[in-house]
Amino acid sequence: MLIQQLVNGLFIGSVYALFALGYTLIFGVLDILNLAHASIFMLGAFTALVLVLKGVPLLVAIAGGALAGGLLGVLLDRVAFWPLRRRQAGPLAPLISSIAVGMIYVGAANGIFGPDVRHFPFDVVRTPTITLGQATFTLAQLAIFLGSLALMVALQALLRYTRFGAAVRAVAENPRAAQLVGIDLEAVYAQTFFIASALGAVAGILFALNFNAVSSVMGSSVELKGLAVIILGGMGSIPGSLLGGLLIGLSEDLSVAYLSSNFRDAIVFAILFLVLIIRPTGLLGQRGFRSA
Amino acid sequence: MISLDAVTKQYGGVHAVKELTLEIPERMLFGLIGPNGAGKTTALNLITGLAAPTRGTISLDGRRLDRRKPYEIAALGVARTYQTSRLFPYMTALENVVVGMHVHARDSLVGQLAGWPPAIAQARALRTRARELLGELGLSERADAVARSLAAGEQRRVELARAIAAQPRVLLLDEPAAGLNPVETERLRDEIVRLVRERGIGVLLVEHDMALVMSACERIAVLDFGEKIAEGSPAQIRNDPKVIEAYLGVENSA
Amino acid sequence: MHELVAAYHAHSALLNEIGINALLALSVWVTLACGQLSLGNMGFMAIAAYASVLLVTRGHWPFFGAALTGAAMAAAAGLLLGWPVLRLRGVFLAIATIGFGEIVRIFAINLPFTGGAEGIAGIPQLVTTAIIYSSLALIAFLLWRLTRSRAGRAFAAIAQDEVAASGLGINPAAYKLAAFAIGAFIAGYAGALAAFSSFFISPSDYSFGRAVDVLAFAVAGGIGSVAGPIAGAALLTLLPEWLRFLQNYRDVVNGAILLLVIIFLPQGVWSIVRRRSAR
Ligand SMILES: Nc1ncnc2c1ncn2[C@@H]1O[C@H](COP(=O)(O)OP(=O)(O)OP(=O)(O)O)[C@@H](O)[C@H]1O
Ligand SMILES: [Mg+2]
Numbered sequence: 183m184l185i186q187q188l189v190n191g192l193f194i195g196s197v198y199a200l201f202a203l204g205y206t207l208i209f210g211v212l213d214i215l216n217l218a219h220a221s222i223f224m225l226g227a228f229t230a231l232v233l234v235l236k237g238v239p240l241l242v243a244i245a246g247g248a249l250a251g252g253l254l255g256v257l258l259d260r261v262a263f264w265p266l267r268r269r270q271a272g273p274l275a276p277l278i279s280s281i282a283v284g285m286i287y288v289g290a291a292n293g294i295f296g297p298d299v300r301h302f303p304f305d306v307v308r309t310p311t312i313t314l315g316q317a318t319f320t321l322a323q324l325a326i327f328l329g330s331l332a333l334m335v336a337l338q339a340l341l342r343y344t345r346f347g348a349a350v351r352a353v354a355e356n357p358r359a360a361q362l363v364g365i366d367l368e369a370v371y372a373q374t375f376f377i378a379s380a381l382g383a384v385a386g387i388l389f390a391l392n393f394n395a396v397s398s399v400m401g402s403s404v405e406l407k408g409l410a411v412i413i414l415g416g417m418g419s420i421p422g423s424l425l426g427g428l429l430i431g432l433s434e435d436l437s438v439a440y441l442s443s444n445f446r447d448a449i450v451f452a453i454l455f456l457v458l459i460i461r462p463t464g465l466l467g468q469r470g471f472r473s474a
Numbered sequence: 013m014i015s016l017d018a019v020t021k022q023y024g025g026v027h028a029v030k031e032l033t034l035e036i037p038e039r040m041l042f043g044l045i046g047p048n049g050a051g052k053t054t055a056l057n058l059i060t061g062l063a064a065p066t067r068g069t070i071s072l073d074g075r076r077l078d079r080r081k082p083y084e085i086a087a088l089g090v091a092r093t094y095q096t097s098r099l100f101p102y103m104t105a106l107e108n109v110v111v112g113m114h115v116h117a118r119d120s121l122v123g124q125l126a127g128w129p130p131a132i133a134q135a136r137a138l139r140t141r142a143r144e145l146l147g148e149l150g151l152s153e154r155a156d157a158v159a160r161s162l163a164a165g166e167q168r169r170v171e172l173a174r175a176i177a178a179q180p181r182v183l184l185l186d187e188p189a190a191g192l193n194p195v196e197t198e199r200l201r202d203e204i205v206r207l208v209r210e211r212g213i214g215v216l217l218v219e220h221d222m223a224l225v226m227s228a229c230e231r232i233a234v235l236d237f238g239e240k241i242a243e244g245s246p247a248q249i250r251n252d253p254k255v256i257e258a259y260l261g262v263e264n265s266a
Numbered sequence: 033m034h035e036l037v038a039a040y041h042a043h044s045a046l047l048n049e050i051g052i053n054a055l056l057a058l059s060v061w062v063t064l065a066c067g068q069l070s071l072g073n074m075g076f077m078a079i080a081a082y083a084s085v086l087l088v089t090r091g092h093w094p095f096f097g098a099a100l101t102g103a104a105m106a107a108a109a110g111l112l113l114g115w116p117v118l119r120l121r122g123v124f125l126a127i128a129t130i131g132f133g134e135i136v137r138i139f140a141i142n143l144p145f146t147g148g149a150e151g152i153a154g155i156p157q158l159v160t161t162a163i164i165y166s167s168l169a170l171i172a173f174l175l176w177r178l179t180r181s182r183a184g185r186a187f188a189a190i191a192q193d194e195v196a197a198s199g200l201g202i203n204p205a206a207y208k209l210a211a212f213a214i215g216a217f218i219a220g221y222a223g224a225l226a227a228f229s230s231f232f233i234s235p236s237d238y239s240f241g242r243a244v245d246v247l248a249f250a251v252a253g254g255i256g257s258v259a260g261p262i263a264g265a266a267l268l269t270l271l272p273e274w275l276r277f278l279q280n281y282r283d284v285v286n287g288a289i290l291l292l293v294i295i296f297l298p299q300g301v302w303s304i305v306r307r308r309s310a311r
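Protein chains in written order, with our numbering: chain Y, 183 to 474; chain V, 13 to 266; chain H, 33 to 311.
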């Protein structure tokens, strides 16, 4: 029982972590809390669903969803944040403009797909189950877990070992200084939004596959948990997101199993609140990707 | 009146201020000079509670200031200006000065909420006084301009007006002449001298402009690498070989 | 005749909603005026709503006694929340307050006396449009006077430069706590008004989404004055009604208009009115 709960918690936690990476990346580079992120999570899932229903193989559909999510992220940056950057607006305006774009994206999904919950075809999501000791899980769950981990490792490597990563870190550290050494700020911002949003979209697809449900409101079930993840792990830290995601996933499943399912979310937010008060930098906040 | 007793402030391995002992008497225009990074701003931050000393004590008329919060120190009669202006950017010059009167303002909240006439009259009196103060500093026309739209020299004078408005016993000025032209500097000097003579405020003037410090201050202390290397009258300071060396060193490297 | 009555009821409900939203917008505005972004106001609203409903239905209290008690409880919760989060800034403060709001909501679902996820039904309609708007007028007036007072100046100073403010003798912690408590009181009072002007309350009335909407009211209306949040609440409450004909696409246009306001009216919609009257 305990092992099974741990395994379940790890699966869902890895999806939370992937989703939260988008928050952390954008906050780290632009100091913005992007409240449209959950809507891209949802649109990524819809895109993959549409592709799958058109007969596209699942892996290609996931890539397509990621691409769509990334482009929606770049669009988001252009319409909601770029104009505010230009006039050096305070921190409040971008928060509201990201909410506005989130409304537009969710509204579009509502208009196109209606308010009902959609499902992937059964033969797409049905995979063999694996039993390891006391834990049972599906091949798909395992793939989701490993896929999330691989994407996070890839992102960390990208930031640490490539020219692009160096530019992102420089901009996160000090945009003005980065500009002085010849880094194109706007290009870095666009790329950051593309990557963050593509990851968010993949998280949405994996989440939808895990529960086999896609709906226009699915973002609201993760947007606050994503915040809890980055606060717990440390804002701006990629390993922190992973750790935070796994811990939140585990705490959810364990609290359902051993406390009461009613207070499941209260425990997540109590953790969030306590971490903010006791250690606002989170568990790994000091080792953020600014210094990766 | 203000005394620093063997005050040290360390930032990591850096001794920003080291074993500094200073006594600033009442009604005196006291100069604090030193090359860049000597620890002058840090000394002001220590007095105003923005930084806590690593060792040593600071007191105002025998009352300990260290370990008090900045707002408590301000309420005891210590006001300051900042090296880079810290006006409230979206308030007008006048509103900035009115906020400066916070400690002494008596327009009670309840009276204001109820629209009680004496409270409203009080608030009006504050604005009148603020306008006068700006007038004394030659800023009458700029009183209703938003602070961040003011020229740098004007911002400095508004900041000075805001500090004076607090009716301090001691006023700490961090490079008030930086960026001013000679005419403005001359004027600033007269204003500072007048503050000491007419209002009886003690002033601690941190400044790079030697001519200003030498002509205005009665007594001067010199910091170098956080340590006090000399203290005395302008004439003594001017001829002190240690001071000359500290400054020549800077000029040579500059 | 029936249609007339129905139309009146439909409109009075909308009118009530505008008034209550305006109060909620003012409640976030108060904390913003002191430089703090709080998204926990739904938690305060819920505390006062449940408390006042229980006091009236079970304790047989009169409405105003119950509403003010509920609001006072919300204010006390505001102090309790405000104290530990004093040192948090910006987004971190916002997230902490979101956490608080969610915890309150989850408790509302699970406590034995709050009616669970279905909430409490059959609440007597004790609140009229007149009560809502006279409350709004009084609170807006008091807040306007507050901005003119010593405390109001201190709020603005803290919001613009906390260090400079404390250097002038202003105690930031005290004023921030006061702002939290005032905001919580207003949100709580609005919660009581809302509860007694509809037949039922449920935890979903106090969701994160609503907190975000309320913040949008204040910012889109303009946080430079008391009138801004009221104007923003009116506009953004009416907008979805006007856009009903778009059906499922409604939020696209709604969001687009909010986006245009934020991008092209940095001082909020109220600044248009002000500019007109200044001419
Ligand atoms: N908050 C801080 N953290 C770390 N080091 C600091 C801090 N404040 C000052 N220092 C260091 O302490 C030393 C003294 O700095 P301070 O600003 O007091 O010098 P100053 O005399 O005011 O110089 P200037 O003439 O350039 O204004 C410098 O080496 C500075 O880098
Ligand atoms: Mg300095």
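The beta-carbon is built from N, C-alpha and C at its ideal position, and this holds for glycine as well.
If you're wondering where the values come from, they're calculated on a predicted model, not measured in any experiment.
Measuring from the CB of residue i, is there a heavy atom of ligand 1 at a distance below 6 Å?
{"i": "H:Tyr281", "result": "no"}
{"i": "V:Tyr23", "result": "yes"}
{"i": "V:Gly191", "result": "no"}
{"i": "V:Asn48", "result": "yes"}
{"i": "Y:Ala452", "result": "no"}
{"i": "Y:Val288", "result": "no"}
{"i": "V:Thr234", "result": "In the sequence on display, residue 234 of chain V carries Val and not Thr. Incorrect: V:Val234 has no Cβ contact closer than 6 Å to ligand 1."}
{"i": "V:Ala137", "result": "no"}
Looking at the structure shown, is residue i part of a helix, part of a strand, or coil, going by DSSP?
{"i": "V:Val218", "result": "strand"}
{"i": "Y:Gly296", "result": "coil"}
{"i": "H:Glu194", "result": "helix"}
{"i": "H:Leu174", "result": "helix"}
{"i": "V:Asn264", "result": "Annotation note: pLDDT 48 at V:Asn264 (below 50); position unreliable, coordinate value reported separately. DSSP places V:Asn264 in helix when its eight states are reduced to three."}
{"i": "Y:Gly251", "result": "helix"}
{"i": "Y:Arg469", "result": "Unreliable positioning characterises Y:Arg469 in this predicted model, as indicated by a pLDDT of 43, which lies under 50. The coordinate reading is nonetheless provided below. Three-state result, Y:Arg469: helix."}
{"i": "V:Gly43", "result": "strand"}
{"i": "V:Glu38", "result": "coil"}
{"i": "Y:Phe302", "result": "coil"}
{"i": "V:Gly68", "result": "strand"}
Check whether the Cβ of residue i sits closer than 6 Å to any heavy atom of ligand 2, and report yes or no.
{"i": "V:Lys52", "result": "yes"}
{"i": "V:Gln95", "result": "yes"}
Listing by chain order, which chain H residues have their CB less than 7 Å from the CB of residue i?
{"i": "Y:Val283", "result": "Gly287, Leu291"}
{"i": "Y:Pro462", "result": "Leu120, Phe124"}
{"i": "Y:Pro265", "result": "Ile295"}
Give the interface partners of residue i over in chain H, defined as CB-CB distance under 8 Å, in chain order.
{"i": "Y:Leu217", "result": "Val244"}
{"i": "V:Pro130", "result": "Under the 8 Å cutoff, chain H gives no residues; its nearest Cβ is about 13 Å from V:Pro130."}
{"i": "Y:Ser397", "result": "Near Y:Ser397 there are no residues of chain H at all, since even the closest Cβ is about 13 Å away, more than 8 Å."}
Which residues in chain Y sit within 8 Å of residue i, going by Cβ to Cβ distance?
{"i": "H:Asn280", "result": "Gly289, Asn292, Gly293, Gly296, Pro297"}
Within 10 Å of its beta-carbon, does residue i have 16 or more other beta-carbons around it, so buried, or fewer, so exposed?
{"i": "V:Arg181", "result": "buried"}
{"i": "V:Gly127", "result": "exposed"}
{"i": "Y:Lys407", "result": "buried"}
{"i": "Y:Asn190", "result": "buried"}
{"i": "V:Ser227", "result": "exposed"}
{"i": "V:Ala247", "result": "exposed"}
{"i": "V:Ser265", "result": "Annotation note: pLDDT 44 at V:Ser265 (below 50); position unreliable, coordinate value reported separately. Answer is exposed; the Cβ neighbour count stays below 16."}
If the cut is a Cβ gap below 9 Å, which residues of chain Y does residue i touch?
{"i": "H:Asn142", "result": "Ser442, Asn444, Phe445, Ala448"}
{"i": "H:His271", "result": "Residue 271 of chain H is actually Leu in this sequence, not His. Within chain Y, no residue comes near H:Leu271; the closest Cβ sits about 11 Å away, beyond 9 Å."}
{"i": "H:Ala134", "result": "Checking the sequence shown, residue 134 of chain H turns out to be Glu, not Ala. Simply Leu406, Asp447, Ala448, Val450, Phe451, Leu454."}
Quick one: which chain H residues come within Cβ less than 9 Å of residue i?
{"i": "V:Arg80", "result": "Neighbours of V:Arg80 on chain H: none; closest Cβ ~11 Å, over 9 Å."}
Chain V partners of residue i, CB-CB under 7 Å?
{"i": "H:Ile202", "result": "Tyr83, His114"}
Using a Cβ cut-off of 9 Å, pull out every chain V residue sitting near residue i, in sequence order please.
{"i": "H:Leu125", "result": "Per Cβ cutoff of 9 Å: no residues; H:Leu125 is ~20 Å from chain V at best."}
Residues in the stretch 60-76 of chain V having any Cβ partner in chain H nearer than 9 Å:
Of all residues in the stretch 60-76 of chain V, Thr60, Gly61, Leu62 have a Cβ within less than 9 Å of some Cβ in chain H.
Given a limit of 8 Å on CB to CB distance, which residues of the stretch 87-113 of chain V reach chain H?
Residues are counted here when their Cβ sits less than 8 Å from a Cβ of chain H; for the stretch 87-113 of chain V these are Ala87, Ala91, Arg92, Tyr94, Arg98, Leu99, Phe100, Pro101, Tyr102, Met103, Glu107, Val110, Val111, Gly112, given in chain order.
In the stretch 117-147 of chain V, which residues sit with their C-beta less than 7 Å from some C-beta in chain H, listed in chain order?
Using a CB distance below 7 Å, the part of the stretch 117-147 of chain V facing chain H consists of Ala117, Asp119, Leu121, Gln124, Leu125, Gly127, Ala135, ordered along the chain.
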